[in-house]
Amino acid sequence: MPKVTEKVSKAAYNALQNIVGPEWVTDDVAITESYVKGGEIHDCIYQRGQQPPGVVVMPKDTEEVQKIVKVCMRYHLPYTPIGAFWGVHCGGKVPFHVSIDLSRMRSLEWDEKHMVAIVGPGQIHSPLQAEAQERGMYTMTPGGGSQAAVIGNMLTCNYSPLNYRLGLATRRILGVEWVLPNGEVIRLGSLATSDDPYWGEGPGPDLRGLLRGYLGWWGKVGIITKMAIKMHPLFLPERMQPVERGMLSTLEFPDNRIKWYNFRMPSEEAMRKAMREISRCEIGAAVMRVPTIWRYRGKSHSREDFWSKWGPDEAKIRSSRATSSVCRVLLIGYTSEEQLQYEESVLMDIMNGLGAELGRTKQSDQSWIKNADSAGMWWPAGGYVSVEFVVETLEHSFARGKTLLKEKESKFTPPLVDEYGEEGWIQMTDMGHTSYFEFLIQWDPEHPLGKYESGEYKAWEHWVASQRTAIDHGQFTANIGSLSVMGLTGPAFGPNYGEIYDKVRQAVDPLDISNPPLDLHDRVIDEFAPKWKEDYNFQTWSELMHDGKEWWKVLTSRDIEWKDCLPEWYWDRDDKEIG
Amino acid sequence: MIVEGSLELKDYMYEMRRCMRCASCKWLDHIYMPDNRFVYRCPSYGKYYFSKVAYGRLKLGLALTEDRLKDSPGMKDMVFQCLMCGACDSGCKRNLDLEINYSLEALRGHMVESGRYPKQHQKLIDNVVKSKNRYGLPAKERTAWKPTKAKKKADTVYFAGCGASYKQTQVAQATDKILGKLGGYMLLPGEQCCGHPLFAMGHFEAFKKQMEMNLKALAKTGAKRLVTACAECYKTWKVDYPRLMKKSTCDLPFEVVHITELVDEALGKGELELKGKLDMKLAWHDPCNLGRMSEPYTHWEGDRGQWGCLEPAKGFEAKQFNRGTAGTYEAPRNILKALQGVELVELKRHHEFSWCCGGHGGVPEAYPDLAAYAVDERLEEAKAVGAEAVVSACPYCKEQFEAGQKKRDHQVQVFDITELIAQAL
């Protein structure tokens with residue numbers, strides 16, 4: 001495999017400058033220094049591996065993106081596309097890479113008749129939601145937050161409680177414009193044959209599966225420059241208005257069409273039954289189990305405020321841990337006030353039958369509709385890491401929460417924040433056909449402990465340990481994708497993911513310059529905690545590459561000419577000379 | 001030990017390390033996001049992109065403090081292409097409570113200490129230091145606006161500031177009329193620049209000298225109240241002076257009041273009546289230094305304990321965060337609503353989300369392109385909400401709006417609120 005260029009040469013810089021103009025490219029260290037994430041938030045190992053870019057370039061349109069990646073190909077420059085730079089995995093991981101900052105490509109077009117929005121890669125969620133509501137439509141804001149880029153987020157998680165009613169967000173991806181690592185553009189869905197993005201399906205194989213979801217590529221290969229997203233009809237005759245300000249800002253609900261309910265459940269079994277029954281009756285817009293700590297986050301007005309409430313309540317929370325979780329339900333009268341009344345009566349029947357106690361809740365929305373993860377999420381420790389987030393069955397969610405909690409309580413608390421026995425966040429998706437589960441850990445990044453006792457180290461270790469736990473318990477884990485310690489989960493869950501991934505990547509990105517490298521975790525583990533390999537019984541991905549396993553030979557045979565499988569008209573060829 | 005409002009960059013290591021680039025300093029509050037046109041809160045980012053916003057500057061500050069970076073051709077621009085308008089600070093305090101304003105001020109001070117600041121700032125610095133006003137004009141011309149109601153001795157001092165004294169003199173004349181109706185006032189003998197431009201540009205030592213001279217002059221008058229119609233002077237007297245003295249605003253031996261607060265109170269008590277009719281659709285522009293930047297300063301000392309919690313030192317109470325929401329927002333709105341015939345509309349970005357007019361932080365001097373962009377954006381907002389006029393409460397905002405108007409086809413009228421009040425008396 002050719003080696004990627006380690007530094008951006010003057011010739012390459014000039015070529016980039018010729019494409020975008022001198023105003024939109026820089027190698028000034030005062031700027032490149034800031035193209036890494038800070039703090040501690042999800043996927044800390046990715047953060048550890050981050051490197052500032054050698055060059056940042058800001059294209060204005062698809063044509064410039066094509067030209068830029070062709071220059072990168074020509075000069076063997078690894079590059080990392082950036083939408084809003086919200087997820088930590090957005091950051092570049094090799095030195096002197098080219099950061100392709102897509103923030104200028106914040107386009108937003110509408111096909112109101114067919115309820116479709118077409119967004120550019122720099123667009124984020126809150127303007128999309130604001131404009132959608134102005135047009136009598138709405139979409140969903142992901143847990144990741146309104147500041148996440150719509151395209152980047154749709155390609156990765158895009159999970160939200162509203163997925164209960166709207167279905168998993170990745171299924172709402174329609175036509176896509178995709179610049180491959182070699183600079184060629186392909187269009188998926190009906191965009192492949194016309195300028196109409198309405199249909200997600202198009203002629204030939206449906207390549208959307210390569211793009212989306214946590215089993216997809218997490219933006220690894222190429223750059224999506226346009227995406228058409230299915231919208232939904234707005235359920236209210238008027239827009240919800242923002243009230244209050246600062247950290248209290250919220251969207252006020254009208255009292256006749258949309259309403260939150262918080263139920264304290266008498267047992268875990270009652271919680272499970274409630275979630276199943278609500279789905280079976282096909283009512284509700286969102287259904288979730290909320291761990292107690294989230295409620296404290298939600299009602300705190302500062303970090304100090306959070307700890308002043310959470311700390312003293314410890315005994316109370318510990319003693320009621322079996323019943324402390326809240327089942328939070330959002331009902332919407334999509335068609336009428338009568339629908340809300342009907343759904344409320346069904347909900348109350350279910351909950352009364354299970355002995356649930358209805359608590360107070362504020363009838364407004366700080367998250368999910370127009371904002372998310374920006375209200376109190378960081379109060380406890382200034383950051384957090386998801387060590388597991390997975391869409392599976394409801395039973396799996398409950399079981400996975402227990403195994404992860406057991407691991408955390410026995411080995412990692414302290415220094416991780418003690419959540420007093422909470423087993424994670426669970427929300428129903430796809431009207432109850434699936435369930436989303438997330439397990440967060442938090443720690444004090446400034447905790448004055450030695451390297452192997454620090455919160456950061458323990459957070460990473462828990463992240464690795466959670467994958468071992470899944471394998472040992474026969475549980476599915478989201479960490480089999482490109483976020484995983486591949487050497488640990490790959491062999492355990494089968495080689496298919498890696499095989500498909502690598503073969504397609506080889507076909508379109510033989511230099512491995514698009515958002516490299518895959519083996520980040522191996523490098524980090526080798527450098528930071530080689531003992532984990534023994535503790536958690538795995539080889540690194542790169543070690544597996546050389547151990548003669550049959551599947552790895554297949555994986556590395558590079559004998560598939562994937563591109564040749566497609567008819568020539570499928571490709572939008574652009575072989576123009578650059579600069 | 002954390003000392004609130006320190007001017008040393010190294011004292012903001014926590015802020016610089018803990019910034020996670022969540023971009024709340026860049027985007028408008030998402031709950032209030034109006035549409036796809038007016039999405040940013042930071043003019044610097046809106047104009048230049050890349051990472052010319054608080055998260056980028058904090059990362060640079062961290063690299064400088066950790067001695068990983070020395071200099072670069074673009075470093076000065078990265079630091080000083082910023083209006084110091086405080087919009088980023090209120091955004092961060094939605095999520096993380098990091099002291100962004102303080103960090104950015106300290107970063108400027110750090111750059112200035114090593115002589116790395118735009119050369120275009122020098123004239124402004126020299127003007128204030130030598131001529132005691134930002135224009136370098138003779139001191140004797142400071143009252144050329146002809147105060148008619150000023151007394152030799154009064155409990156209220158009117159601090160006109162450089163802008164109203166030399167350029168936007170109609171603001172000083174209107175304030176003179178208003179204060180005349182409210183019991184009279186005296187001018188600060190030998191008034192000179194409050195020092196605001198020096199502070200905003202990072203020249204803290206020169207600023208301290210201005211501060212000391214002004215405080216001495218005010219102490220000599222024995223006045224209990226200082227009134228100003230300039231948002232920059234207001235912030236300087238109310239927030240920056242006590243901060244540098246390690247005192248809280250409430251512990252100052254005098255009260256600092258903006259003319260809008262005084263008029264609003266008088267209207268509420270029935271001591272003032274606004275007459276006449278102004279049939280006009282007005283948009284109120286919240287000046288940064290009247291709103292989010294001018295919450296009362298509360299001095300605090302303490303330490304950061306476990307989980308990053310702030311623990312007060314002996315003699316101090318729990319830290320009061322200034323999050324931008326408790327500035328002077330309602331007083332001017334109440335006044336405008338009291339004007340007969342006025343239809344008051346909100347601009348797209350208002351209160352602590354207000355978009356800066358561009359006239360601040362040494363930007364008009366060093367980066368006129370950014371100043372012009374900022375004001376054009378604001379005037380575009382006025383157009384979007386159908387306003388016939390934009391009203392503000394700061395001579396520098398008015399100056400900016402007037403300059404911005406000249407380059408636009410779509411015209412709106414521009415007023416300082418004092419002009420409208422004086423007209424209605």
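Protein chains in written order, with UniProt numbering: chain L, 1 to 579; chain F, 1 to 425.
All C-beta atoms in this analysis are idealised placements derived from N, C-alpha and C, irrespective of residue type, glycine included.
Tryptophan 443 of chain L - DSSP class collapsed to helix/strand/coil: If you number the first sequence from 1, residue 443 of chain L lands on position 443. Here tryptophan 443 of chain L sits in coil by DSSP.
Using a Cβ-Cβ cut-off of 8 Å, state whether tryptophan 300 of chain F counts as contacting chain L. Taking the second sequence and counting its residues from 1, the one referred to as residue 300 of chain F is at position 300. No, tryptophan 300 of chain F does not count as interfacial toward chain L.
Tell me where the beta strand (DSSP E) around lysine 259 of chain L begins and ends. Looking up residue 259 of chain L in the first sequence gives position 259. Taken as a continuous stretch (DSSP letters only), the beta strand (DSSP E) holding lysine 259 of chain L covers 258-264.
I'd like to know if alanine 23 of chain F contacts chain L, where contact means its C-beta is closer than 8 Å to some C-beta of that chain. Numbered from its first residue, the second sequence carries residue 23 of chain F at position 23. Interface residue, yes.
Can you name, in chain order, every residue of its own chain whose Cβ lies under 6 Å from the Cβ of arginine 187 of chain L, other than the five neighbours on each side? For this step, residue 187 of chain L is matched to residue 187 along the first sequence. Within the same chain, arginine 187 of chain L has close Cβ partners Glu177.
Starting from the beta carbon of tryptophan 378 of chain L, find every residue of chain F whose beta carbon is closer than 7 Å, and list them in chain order. Counting from 1 along the first sequence, the entry for residue 378 of chain L is found at position 378. Asn95 and Leu96, listed in chain order.
In three-state DSSP terms, what is methionine 1 of chain F? Taking the first residue of the second sequence as position 1, residue 1 of chain F is located at position 1. Correct three-state label for methionine 1 of chain F: coil.
Can you grab the Cα-Cα spacing for the pair serine 9 of chain L / valine 29 of chain L, in whole Å? Indexing the first sequence from 1 puts residue 9 of chain L at position 9. Indexing the first sequence from 1 puts residue 29 of chain L at position 29. Those two C-alpha atoms are separated by around 15 Å.
Under 8 Å between beta-carbons, which chain F residues line up against aspartate 101 of chain L? List them in chain order, please. As a working note, residue 101 of chain L is residue 101 in the first sequence. Here the neighbours are Tyr49 and Phe50.
Using a C-beta cutoff of 8 Å, does glutamine 306 of chain F count as contacting chain L? Locating residue 306 of chain F in the second sequence gives position 306, counting from the first residue. Answer yes: the Cβ-Cβ gap between glutamine 306 of chain F and chain L drops below 8 Å somewhere.
Alpha helix (DSSP H) containing proline 205 of chain L: first to last residue? Along the first sequence, one-based indexing puts residue 205 of chain L at 205. It is not in any alpha helix (DSSP H) - proline 205 of chain L carries neither H nor E in the DSSP assignment.
Distance, Cα to Cα, threonine 65 of chain F vs lysine 76 of chain F? Position 65 of the second sequence holds residue 65 of chain F. Position 76 of the second sequence holds residue 76 of chain F. One C-alpha to the other measures close to 16 Å.
Contacts around leucine 198 of chain F, its chain only, beta-carbon distance under 7 Å, and the 5 residues preceding and following it disregarded: Counted from its first residue, the second sequence places residue 198 of chain F at position 198. Counting only Cβ-Cβ distances below 7 Å, and skipping sequence neighbours, we find Ile125, Val128, Ala206, Phe207 and Gln210.
Members of the region 306-317 of chain L near chain F, C-beta cut-off 9 Å: Phe306, Trp307 and Ser308
Lysine 177 of chain F - containing alpha helix (DSSP H), residue span: In the second sequence, counting from the first residue as 1, residue 177 of chain F sits at position 177. Run containing lysine 177 of chain F: 169-181, per the alpha helix (DSSP H) assignment.
Can you tell me whether asparagine 537 of chain L is buried or exposed, with buried defined as 16 or more other CB within 10 angstroms of its CB? Position 537 of the first sequence, counted from the first residue, corresponds to residue 537 of chain L. Classification for asparagine 537 of chain L: exposed.
Measure the beta-carbon distance from tyrosine 185 of chain F to leucine 215 of chain F and round it to whole angstroms, keeping in mind my assumption that it falls under 8 Å. Sequence index remark: in the second sequence, residue 185 of chain F carries index 185 (1-based). Sequence index remark: in the second sequence, residue 215 of chain F carries index 215 (1-based). Not really, about 19 Å apart at Cβ, beyond 8 Å.
Going by C-alpha to C-alpha distance, which of F:Lys348, F:Ala366 and F:Glu402 sits closest to alanine 384 of chain F? As a working note, residue 384 of chain F is residue 384 in the second sequence. Comparing Cα-Cα distances from alanine 384 of chain F to each of F:Lys348, F:Ala366 and F:Glu402, the minimum goes to F:Lys348.
Contact with chain B by tryptophan 27 of chain F, beta-carbon distance below 8 Å: Chain labels in this structure do not include chain B; the protein chains are L and F.
Secondary structure of tyrosine 79 of chain L, DSSP reduced to three states: Counted from its first residue, the first sequence places residue 79 of chain L at position 79. Strand, per DSSP.
Per DSSP, which residues does serine 364 of chain L bridge with? Please list them. Position 364 of the first sequence, counted from the first residue, corresponds to residue 364 of chain L. Paired residues: L:Glu252.
Per-residue contacts from glutamate 59 of chain F into chain L (C-beta, under 8 Å): As a position in the second sequence, residue 59 of chain F is number 59, starting the count at 1. One detail in the question is off: residue 59 of chain F reads as lysine in this sequence, not glutamate. Near lysine 59 of chain F (Cβ distances below 8 Å), the residues of chain L are Glu33, Ser34, Val36 and Gly38.
Given 8 Å as the limit, is there contact between the region 164-177 of chain L and the region 49-65 of chain F, that is, 3 or more CB pairs closer than that? no
Grab me the residues of lysine 60 of chain L's own chain with a C-beta within less than 6 Å of its C-beta, minus the 5 sequence neighbours each way, in chain order. Here residue 60 of chain L refers to the residue found at position 60 of the first sequence. Answer for lysine 60 of chain L: Arg104, listed in chain order.
Kindly indicate which residue of L:Val150, L:Val65 and L:Ile426 has the alpha-carbon position closest to the one of arginine 276 of chain L. Within the first sequence, residue 276 of chain L is the residue found at index 276, counting from 1. When only C-alpha atoms are compared, the closest one is L:Ile426.
Would you say threonine 250 of chain L reaches chain F, if we count a Cβ-Cβ gap shorter than 8 Å as a contact? Taking the first sequence and counting its residues from 1, one reaches residue 250 of chain L at position 250. By this cut-off, threonine 250 of chain L is an interface position.
DSSP three-state assignment for glycine 152 of chain L, whether helix, strand or coil: If you number the first sequence from 1, residue 152 of chain L lands on position 152. It is helical.
Does the region 15-34 of chain F come close enough to the region 244-256 of chain L that 3 or more CB-CB pairs lie under 8 Å? yes
Taking 8 Å as the CB-CB limit, is methionine 78 of chain F close to chain L? Counting from one through the second sequence, the residue named residue 78 of chain F turns up at place 78. Cβ-Cβ to chain L under 8 Å: yes for methionine 78 of chain F.
Is the CB-CB distance between cysteine 22 of chain F and glutamine 147 of chain L below 8 Å? Position 22 of the second sequence, counting from 1, holds the residue named residue 22 of chain F. Position 147 of the first sequence, counting from 1, holds the residue named residue 147 of chain L. Yes; because the gap between Cβ atoms is below 8 Å, this pair is in contact.
On the criterion of 16 or more Cβ atoms from any shown chain inside 10 Å, does glycine 61 of chain F qualify as buried, or is it exposed? Residue numbering aside, residue 61 of chain F sits at position 61 when the second sequence is read from its first letter. Buried: at least 16 other Cβ atoms inside 10 Å.
With 8 Å set as the bound, which would you pick, yes or no: does the beta-carbon of threonine 225 of chain L sit closer than that to a beta-carbon of chain F? Start at 1 with the first residue of the first sequence, and residue 225 of chain L comes out as number 225. Closer than 8 Å: no.
Smallest Cα separation from leucine 375 of chain F: which of F:Ala389, F:Ala219 and F:Gly359? Stepping through the second sequence from its first residue, residue 375 of chain F is reached at position 375. It is valine, not leucine, that sits at residue 375 of chain F in the sequence shown. Per the Cα distances, F:Gly359.
So, for proline 2 of chain L: in the same chain, excluding its five sequence neighbours on each side, which residues have a beta-carbon less than 7 Å away from its beta-carbon? Against the first sequence, residue 2 of chain L aligns to sequence position 2. Its pLDDT being 39, under 50, proline 2 of chain L is placed unreliably in this model, and the value from its coordinates should be taken loosely. Hits under 7 Å: His76 and Leu511.
Please confirm whether alanine 63 of chain F and glutamate 446 of chain L have their CB atoms less than 8 Å apart. Sequence index remark: in the second sequence, residue 63 of chain F carries index 63 (1-based). Sequence index remark: in the first sequence, residue 446 of chain L carries index 446 (1-based). Their beta carbons are not under 8 Å apart, which means alanine 63 of chain F does not touch glutamate 446 of chain L by this criterion.
Reference leucine 347 of chain L, options L:Pro415, L:Thr139, L:Ala15 and L:Val287, closest by Cα: Locating residue 347 of chain L in the first sequence gives position 347, counting from the first residue. The shortest Cα separation from leucine 347 of chain L among L:Pro415, L:Thr139, L:Ala15 and L:Val287 belongs to L:Val287.
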